[in-house]
Amino acid sequence: MNRFIAFITFLIISMPSVAQPLHVSDAWIKNLPPAIPMRAGYMQLMNHDANAATIVSISSDAFEKVEIHQTMNIDGVMSMHPINTLVLEANGMVSLKPGGMHLMLMKPTRELKIGDEIEIVLQFDNDSSQVIIMTVKK
Ligand SMILES: [Cu+2]
763 MNRFIAFITF LIISMPSVAQ PLHVSDAWIK NLPPAIPMRA GYMQLMNHDA NAATIVSISS
823 DAFEKVEIHQ TMNIDGVMSM HPINTLVLEA NGMVSLKPGG MHLMLMKPTR ELKIGDEIEI
883 VLQFDNDSSQ VIIMTVKK
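Going by this note's numbering, the first residue of the sequence shown is number 763, and it counts up by one from there.
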């Protein structure tokens, strides 16, 4: 019996990582009046894998376009710049937070309200993808 359990444990450990490589927490989108054409989104991303994970694009049915933005302070002037890839090192963590890196979710395809749960697709450089849920909050 112990040998059987050891075998099952071996199977579980040696399985290739499935298409949910990142642990995502506190993923939310700031609610804004419908007339405003973009929303900022925030979350914590953790990569528990022993390999780096590289996000190359992000999309959602609820928005026409999603970008990753970095906020920069150049001589006291704040500006935002799109970044093309987001690399999570092995066992690394990235925080998307107000005043820092964030998702820029552009042109909602429908009216969003507080409490809505929005599906967002993270596309990785190895052709895998991961669906995450972001909640619209005040
Ligand atoms: Cu932005």
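Cβ coordinates follow ideal geometry from the N, Cα and C atoms, glycine included.
Residue i, DSSP secondary structure in three states
i, result
"His810", "coil"
"Leu794", "coil"
"Arg801", "strand"
"Ala852", "coil"
"Lys900", "coil"
"Ser779", "At Ser779, the pLDDT of 45 sits below 50, so the modelled position is not reliable and the matter cannot be decided from this model."
"Asp889", "coil"
Nearest-angstrom Cβ-Cβ length linking residue i and residue j, presumed shorter than 8 Å
i, j, result
"Glu879", "Val893", "In fact, because the Cβ distance is near 11 Å, the residues do not count as touching under 8 Å."
"Pro844", "Glu826", "That pair is no contact at about 15 Å."
"Lys792", "Lys875", "Their Cβ separation, rounded to whole angstroms, is 13 Å, which puts Lys792 and Lys875 out of contact at 8 Å."
Pair within 8 Å by beta-carbon distance, residue i and residue j
i, j, result
"Met855", "Met808", "yes"
"Ala802", "Met868", "no"
"Ala814", "Leu858", "no"
"Gln832", "Met863", "yes"
Neighbourhood of residue i by C-beta distance below 8 Å, restricted to the same chain and skipping five residues each side
i, result
"Ser891", "Ala781, Val883, Leu884, Gln885"
"Ser822", "Val828, Leu867, Ile880, Glu881, Ile882, Val883"
7 Å Cβ shell around residue i - same chain, five flanking residues per side excluded
i, result
"Ser779", "Because Ser779 sits at a pLDDT of 45, beneath the cut-off of 50, its placement in the model cannot be relied upon, and the following sentence gives the value as read from the coordinates. Closer than 7 Å at the Cβ level, and outside the excluded window around Ser779, lie Asp811."
Close-in-space but distant-in-sequence residues of the same chain around residue i (CB under 6 Å, 5 per side omitted)
i, result
"Glu873", "Pro796"
"Gln806", "Ser787, Asp788, Ser857"
| In chain order, which continuous runs of the beta strand (DSSP E) of length 3 or greater are located wholly inside the stretch 815-886? | 815-821, 825-836, 839-845, 848-850, 855-858, 864-870, 879-886
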